[in-house]
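The block underneath contains the structure these notes are about, expressed in structure tokens.
Residue numbers (full-length UniProt numbering): 1 to 79.
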């Protein structure tokens with residue numbers, strides 16, 4: 001999950017426990033090779049991590065990315 005905090009800064013949150021992480025912390029964690037949530041220990045999904053890093057690098061693509069994910073979901077359900 002991606003959102004904005006009270007100051008308008010981007011953050012990523014675990015999809016299971018909603019543990020929030022600021023953009024720079026999330027980027028540091030993924031660059032260091034950590035692939036699990038710091039709070040609950042649930043592994044990050046590879047595709048989800050790719051999408052989150054892309055969104056955090058370019059927040060203007062957030063809406064387009066959501067549409068793309070929805071498109072993929074709909075097409076996978078039709079298979």
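From the three backbone atoms N, C-alpha and C, an ideal C-beta is built for every residue, glycine too.
Per-residue burial, residue i [other beta carbons within 10 Å of its own, 16 or more giving buried]
| i | result |
| --- | --- |
| residue 12 | buried |
| residue 79 | Below a pLDDT of 50, predicted positions are generally treated as unreliable, and residue 79, at 47, falls in that range; the measurement from the model is reported next regardless. It counts as exposed. |
| residue 26 | buried |
Cβ neighbours of residue i in the same chain (closer than 8 angstroms, five flanking residues each side left out)
| i | result |
| --- | --- |
| residue 40 | 14, 16, 17 and 19 |
| residue 29 | 21 and 38 |
Cutoff 7 angstroms; reference residue i; Cβ partners in own chain excluding five residues on either side
| i | result |
| --- | --- |
| residue 35 | 43 and 44 |
| residue 33 | none |
| residue 7 | none |
Assumed close pair residue i, residue j - CB separation to whole angstroms, cut-off 8 angstroms
| i | j | result |
| --- | --- | --- |
| residue 10 | residue 23 | 5 angstroms |
Min CB distance residue i to chain B below 9 angstroms
| i | result |
| --- | --- |
| residue 21 | As a matter of chain content, chain B is missing from the structure shown, which is built from one protein chain. |
Residues near residue i by beta carbon distance below 6 angstroms, same chain, minus five either side
| i | result |
| --- | --- |
| residue 31 | none |
(message) Runs of 4 residues minimum, wholly inside the UniProt domain "Cellulose synthase RING-type zinc finger" (1-46): which ones carry the alpha helix (DSSP H) assignment?
(response) You should have 23-31.
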